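Chemist: Numbering-wise (the working numbering), the sequence shown opens with residue 18 and increments by one. The beta-carbon is built from N, C-alpha and C at its ideal position, and this holds for glycine as well. Predicted model only: the values in this text are computed from it and were never measured.
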Amino acid sequence: MPGEYFRDSVLHKKIIPFLKNPENVIEPKEVTFLHDCAPCMKAMATQELVRANVDFFGNNEYPANSPDLNEAEHMGSIMKGGVEKLIEDQPEENGHSHETLLKCIKKALKSLETATHLFVNILESYFRRTEAV
Numbered sequence: 018m019p020g021e022y023f024r025d026s027v028l029h030k031k032i033i034p035f036l037k038n039p040e041n042v043i044e045p046k047e048v049t050f051l052h053d054c055a056p057c058m059k060a061m062a063t064q065e066l067v068r069a070n071v072d073f074f075g076n077n078e079y080p081a082n083s084p085d086l087n088e089a090e091h092m093g094s095i096m097k098g099g100v101e102k103l104i105e106d107q108p109e110e111n112g113h114s115h116e117t118l119l120k121c122i123k124k125a126l127k128s129l130e131t132a133t134h135l136f137v138n139i140l141e142s143y144f145r146r147t148e149a150v
């Protein structure tokens, strides 16, 4: 993704306002933005924009290979496990179709809508995970 588009359309218009809105986060001043070291995020202009608006791990602070610090990695793993279980439960003749995959993904996503305990557990374990890295 080109850096300028990422800064203007994603960070400036979506992510930064979301992170600063107290309706979305418990305490906006305590938010730390964690990026994935994609080229558009590592660009100096992007680093300056984020630094001016929210706390975050800069390029020189970012822990190497840190999936333990990325909540999306945990949710992705939970989602993948849920989809795999649903596919295993499908009849053999339907188990590998595109339609079955989409149906299982939608069902797994729907099940996460009420699974607030998963999100609470992931967030509550964050500080323990940062100490381990």
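Does the segment 142-149 come into contact with the segment 85-93, if we say contact requires no fewer than three beta-carbon pairs (one atom in each stretch) closer than 8 Å?
Modeler: The answer is yes - the segment 85-93 touches the segment 142-149, with three or more Cβ pairs under 8 Å.
Chemist: Between which two residues does the alpha helix (DSSP H) holding Val-100 run?
Modeler: Start and end: 88-105.
Chemist: Could you give the residue range of the alpha helix (DSSP H) that holds Arg-145?
Modeler: Element bounds for Arg-145: 143-149.
Chemist: What number of angstroms, rounded off, separates the C-alpha of Pro-108 from the C-alpha of Met-58?
Modeler: Roughly 43 Å between the two C-alpha positions.
Chemist: Given a threshold of 16 other Cβ atoms within 10 Å of its Cβ, counted over all protein chains shown, does Cys-121 qualify as buried or as exposed?
Modeler: Counting Cβ neighbours within 10 Å, Cys-121 comes out buried, since at least 16 surround it.
Chemist: Can you tell which of Lys-30, Ala-125, Phe-73, Lys-124 has its C-alpha closest to the C-alpha of Val-48?
Modeler: Comparing Cα positions, the closest option is Phe-73.
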